[in-house]
Every structure is written in structure tokens, then in C-alpha cells.
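Residue numbers (our numbering), protein chains in the order written: chain A, 1 to 247; chain B, 1001 to 1247.
Number of protein chains: 2
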Amino acid sequence: MRYELYYWPSIQGRGEFVRLALEQAGAAYVDVARAGSRGMRALMRWLDDESLEHPPFAPPYLKAGKLIIAQTANILLYLGARHRIAPANEGGRLWTHQLQLTIADFIGEVHDTHHPIASSLYYEDQKPAARRRAAEFRSERMPKYLGYFERVLERIPRGSRYLVGSKPTYADLSMFQVIAGLRYAFPRAMGRLMRDYPLLEALHGRVAALPRIAAYLRSKRRIAFNRQGIFRHYPELDDAPMRKDGP
Amino acid sequence: MRYELYYWPSIQGRGEFVRLALEQAGAAYVDVARAGSRGMRALMRWLDDESLEHPPFAPPYLKAGKLIIAQTANILLYLGARHRIAPANEGGRLWTHQLQLTIADFIGEVHDTHHPIASSLYYEDQKPAARRRAAEFRSERMPKYLGYFERVLERIPRGSRYLVGSKPTYADLSMFQVIAGLRYAFPRAMGRLMRDYPLLEALHGRVAALPRIAAYLRSKRRIAFNRQGIFRHYPELDDAPMRKDGP
């Protein structure tokens, strides 16, 4: 079976968490909206199709045989069970999903740093609120989330190297993507913060070096970060620049 | 096995979605932080316990035998499989979870109407941003989400009465709670909007009349809506009042 991924063609966005899982799984898939001019029409069609019994609310969604599965974490739950990128036992499966849902909350807060008032408005129309929200995000929320995942890594059994244990799961792939995205969006704040999270730093490198992920990151399938996605670099939302000449 | 639910004792909050599922399941559970003076200490202990291999990021969490499960939708996924409040087949299970994750996104946006800048700040310190965000929420997001769930109900097989089909699932219980909460928080906007969503209106009444839910809602176990929870009534965030004497 060849999966069909439906997601916006010009951003990493939430679709990237699914792309990373499909790549690490070595699954056959087509990224429909990037596969030609009919792709975008196909993407929009499912959103509007009145004959669809289980309509998605928004992209990404994955067509897997007769199933159409939406919501990023739900797609990963499905792929995890099929492709050994999550534990098979109930406790491990739930724990992996719990980590993913916490990552989803984190991502939602990243998005709202540049869109604190409404997704439907331009960033430029909500800049003062964005500055305030981003400042709180950098000082309170980033350390809270990153510190949490560092603690998770501190507690894995000796000899394990991934969030859930000895093998990489979709939660590790997502954590890699979050760190890469935060580095792009908040380079100064991340430069300051990541010194406190050596295990997360190592995890990021370890995932990037997984052979299938490394090949994907080098390929044209990997879209570059940009100012349309979740992770956006606006210098005014990052830490203030360091002064070069002292106080 | 008696479940232990850990959640803040004075609000419905995200814990309420778990409480409703436990009640409809007829499961034996103790709402730990409400069960006596040691309850809050117990709740905080799990958050800080360094010996815990799978620490929760935040309440609610559920102790089920040896498992400690956090993230509302993840807890419901677990309970759904055990207590027949979700379909047993894979497609139905994923669809129910997909609806729940969309409800979770909706709830996150409700919360941010009164806290658009930071959860750590008082509402009073983010009022202008809250007014703007709430206005966008009422005009764009509420109709988008409510319209989506109305469409889901339009497409269920003839003779079915719940979101996923003939039997109530945890997604129906959560949808009931969202409508009840929105009615409390935005009575004027909901009075205007709900006329367009007769199937959701009927679903709300149907869930409220389920014998176990009806008994729960009458009991002292049901905490009243208040201004500490997710759904908060601030008149200035609702529609403007109707003028009584014409234009």
C-alpha cells in the first residue's frame, strides 16, 4: 500500500511531523500537493467533499487504504503501530502518545508567538501582542517544556538513547523537529537555553544522524524553514542581541 | 481496579472530560485532590517525583494500576478501549480520537480568549488583547468548529444519534461539555450561533439525558463553571448586548 499524505506544499508545518515518520518508517508515500498541479486541488477536494463520512477539520491528513486519518498525533499513533516507530505494548504506546501530545501543545504555543490574536490576521497586524507573548514564551514556556523533556531523558533506563527507550519513536522524530524549528525561529534564545539541556541536544544530533532521516534532510523532499510555517524567524520576537562593547 | 484521577479540585478544566468518561463508563474512581486534605499534596507529589519514570507534564493524569497516563485525549483513548465508550475497530477508534483532538484544539482556543498573552499573567493584565482575540474567536473560530461538528453529525448513517454512530463515545461527552461551557462563557454569541446547529443542539441534550451523565450532573461531584476554569464568563468578551429600543 502506498500512503497519500495531504498537506500544504510550501511549508513544513504540522505535515513535517508526519513526513519524518513516513521517512523513518521507510514507507512508500506520495506527498500529494507537492506531486503536481492537481495535488492542491486534490487536497482541497477532501476538505469540501460532502460525500466523505469522516471529514478532516484541516490538513495534514493521510490516506491509508480506505482510511482517511487526520490530526497529526493521531496519524502518528496509526503509523507508530504499523511501522515499529512506537512500542507495541499498551503502556509504551500510551507513553509515546502522551509525549507527542505534549509536543503538540508546545507547537501550538510556538505558533501563537507570532499569531497571538488570530491566525486569520497578518503577523504585522498583531505585532505588539506577539512581542509580549514571545517574551513570555522565551522566559517561561520554553524552559518549562524543554526542561520537562530533558527530565524525561534523564530518567530513561541506563544504556537507552531515546525518549521512550532503546529505539527511536515518532516522539523522537518530533522532538528533533521542534529543536530544529526553535533554533531557526529563536536562535539567540536557543543559544542561551540549550546549554542547560545536554541530553536534548544529543537527542537532536542522534535523530539527525539516523540514516533515513539524514538522507531525507539532504533531499529535495525536505522543505526549508520559512516565514509561512509554524517556526518563523522574526528577530524582534527573539532575545535582544548581545551588546558587543559591555554595559 | 479503582482508578485515581489527579486534577485541580476547584475547577472543571480539562479534568472534566475525564470525569465525564469515568462517569459514563460506570468506573470506580477517586478524584484524589477532592477527596481530602492530603489530595492536593498527592497531586503535586507526582509532578515533582524524581523516581517517576514517566512523569506527567501537567494534570489531569490517571493512575490505572501501574500505569500513570496523562494528556486528556490520551486518557480518553485508554478509557475508550476499556469501557466501550469508543468503537473497538481500528478505523472507529482513530476517528473517535481524531474528533477528540479537534475538540482539544477548540478548547485550547477557548482558553486563549481570556489568556492570549500568557497563562502566567492575570486576565486583567491582558484585557485589550483578550478582547481582540475573543472577537475573532466569536466571528471566525466558533462558527468554523461548530459548523464542522454539525457537518459530522449530518453525515452519520441514518438512524444513528451520536458523532461516531449509534452509541455514545467519549467524543460525544466532550462535545456536550464544550457546548455547555461555551453557553456559560459566551451566552449571547451562543444564543445567536446555535440556531444554525440543530444537530449539535440535539446531541447536547441527548448526552445530558444519558442516565449516568444526568445523575452526575445533579450530584455534588459536578463542580459548577467558574472564573478559574477554561470556560469563563466575562461579558466584555461576549457579543455586545442587544439594544432593546431599536436602532
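Every residue, glycine too, gets a C-beta built ideally from N, C-alpha and C.
Quick one: what's got a C-beta closer than 6 Å to residue i's C-beta in the same chain, skipping five residues either side?
| i | result |
| --- | --- |
| A:Leu223 | Here residue 223 of chain A is Ile; the residue named in the question, Leu, does not match the sequence. Cβ within range, chain order: Gln12. |
| B:Met1040 | Ala1033 |
| A:Ala64 | Tyr3 |
| A:Thr169 | Ile85, Ala86, Thr96 |
| B:Ala1171 | Thr1096, Leu1099, Gln1100, Leu1163 |
| B:Gly1080 | Ala1086, Tyr1170 |
| B:Val1030 | Glu1004 |
| A:Tyr78 | Ile69 |
| B:Tyr1241 | For the record, residue 1241 of chain B in the displayed sequence is Pro; it is not Tyr. Excluding positions up to five away in sequence, the list is empty. |
Hey, does residue i have any beta-carbon neighbour from chain B nearer than 9 Å?
| i | result |
| --- | --- |
| A:Arg155 | yes |
| A:Glu320 | A query on residue 320 of chain A cannot be resolved here, the shown segment of chain A reaching from 1 to 247 and no further. |
| A:Arg192 | no |
| A:Leu121 | yes |
| A:Ile69 | yes |
| A:Ile117 | yes |
| A:Asn74 | yes |
| A:Ala25 | no |
| A:His54 | yes |
| A:Leu5 | no |
| A:Pro90 | First, the amino acid is wrong: residue 90 of chain A is Glu here, not Pro. For A:Glu90, the answer is yes, since a Cβ of chain B falls inside 9 Å of its Cβ. |
| A:Ala180 | no |
| A:Val152 | yes |
Compare the C-beta of residue i with all C-beta atoms of chain A and state if any pair is closer than 9 Å.
| i | result |
| --- | --- |
| B:Tyr1078 | yes |
| B:Lys1066 | yes |
| B:Asp1112 | yes |
| B:Tyr1145 | yes |
| B:His1097 | yes |
| B:Thr1169 | no |
| B:Tyr1162 | no |
| B:Gly1108 | yes |
| B:Asp1105 | yes |
| B:Glu1124 | no |
| B:Phe1057 | yes |
| B:Arg1138 | no |
Residues in the same chain with beta-carbon distance under 8 Å from residue i, minus the five sequence neighbours each way, listed in chain order, please.
| i | result |
| --- | --- |
| B:Pro1055 | Trp1046, Leu1047, Asp1049 |
| B:Ser1160 | Ser1166 |
| B:Gly1092 | Ala1086, Val1164, Gly1165 |
| A:Ile68 | Trp46, Leu52, His54, Pro56, Tyr61, Leu62 |
| A:His204 | Met175, Phe176, Ile179, Ala180 |
| A:Ala214 | Ala208 |
Ends of the alpha helix (DSSP H) at residue i?
| i | result |
| --- | --- |
| B:Asp1112 | 1090 to 1114 |
| A:Ile213 | 211 to 218 |
| A:Ala58 | A:Ala58 -> no alpha helix (DSSP H), and no H or E assigned at all. |
| B:Glu1236 | Per DSSP, B:Glu1236 belongs to no alpha helix (DSSP H) and is neither H nor E. |
| A:Ala86 | Looking at the DSSP string, A:Ala86 is not in any alpha helix (DSSP H), and its letter there is neither H nor E. |
| B:Val1164 | B:Val1164 -> no alpha helix (DSSP H), and no H or E assigned at all. |
| B:Ala1130 | 1127 to 1136 |
| A:Asp196 | From DSSP, A:Asp196 is part of no alpha helix (DSSP H); its letter is neither H nor E. |
| A:Leu182 | 170 to 185 |
| B:Leu1146 | 1142 to 1154 |
| B:Ala1025 | 1015 to 1025 |
Compare the Cα-Cα distances from residue i to each of the options and report the closest residue.
| i | options | result |
| --- | --- | --- |
| B:Ala1129 | B:Ile1213, B:Tyr1003, B:Leu1020, B:Glu1236 | B:Glu1236 |
| A:Phe231 | A:Pro211, A:Glu16, A:Tyr6 | A:Glu16 |
| A:Gln71 | B:Pro1059, B:Leu1094, B:Ala1202, B:Leu1062 | B:Leu1094 |
| B:Arg1227 | B:Glu1201, B:Leu1182, B:Arg1218 | B:Leu1182 |
| B:Pro1060 | A:Ile156, A:Gln98, A:Ala180, A:Pro143 | A:Gln98 |
| A:Glu150 | A:Tyr3, A:Arg2, A:Asp196 | A:Asp196 |
| A:Ser37 | A:Tyr3, A:Trp8, A:Met1, A:Thr113 | A:Trp8 |
| B:Lys1144 | A:Met1, A:Ala28, A:Ala58 | A:Ala58 |
| B:Arg1082 | B:Asp1238, B:Met1001, B:Thr1102 | B:Met1001 |
| A:Ala202 | A:Gly191, A:Phe176, A:Arg192, A:Ala215 | A:Phe176 |
| B:Ser1139 | B:Ile1179, B:Asp1238, B:Ala1042 | B:Asp1238 |
| A:Phe137 | A:Asp125, A:Leu193, A:Ser174, A:Ala215 | A:Leu193 |
| B:Gly1147 | B:Tyr1123, B:Arg1158, B:Phe1106 | B:Phe1106 |
Let's see if you can read the secondary structure: which residues bound the beta strand (DSSP E) around residue i?
| i | result |
| --- | --- |
| B:Glu1004 | 1003 to 1006 |
| A:Ile69 | 67 to 70 |
| B:Leu1052 | That residue, B:Leu1052, is in no beta strand (DSSP E); it is neither H nor E in DSSP. |
| A:Val30 | 29 to 31 |
Tell me whether residue i counts as near the ligand NAP, meaning its Cβ is closer than 8 Å to at least one heavy atom of that ligand.
| i | result |
| --- | --- |
| B:Ala1208 | As presented, the structure is devoid of all ligands, the ligand NAP included, so that no description of it is given. |
Within its chain, find whatever has a CB closer than 7 Å to the CB of residue i; leave out the 5 residues flanking it on each side and keep chain order.
| i | result |
| --- | --- |
| A:Arg212 | Glu23, Gln24, Gly26 |
| A:Leu199 | Glu150, Leu153, Glu154 |
| B:Leu1217 | Ala1208 |
| B:Arg1141 | Glu1109 |
| B:Gly1229 | Ile1011, Gln1012, Gly1013 |
| A:Ile75 | Val18, Pro60, Leu62, Ile69 |
| A:Asp112 | Arg133 |
| B:Leu1210 | Gln1024, Pro1168 |
Requested in this report: Decide yes or no for the touch test of the region 1108 to 1128 of chain B against the region 120 to 140 of chain A: beta carbon pairs closer than 8 Å, at least 3 of them.
Outcome: yes
Query - Stretch-stretch touch, CB-based, cutoff 8 Å, three pairs: the region 79 to 89 of chain A with the region 1179 to 1195 of chain B - result: no
Query raised in the report: Per the contact definition of three or more C-beta pairs closer than 8 Å, is the region 1021 to 1036 of chain B in contact with the region 209 to 224 of chain A?
Result: no
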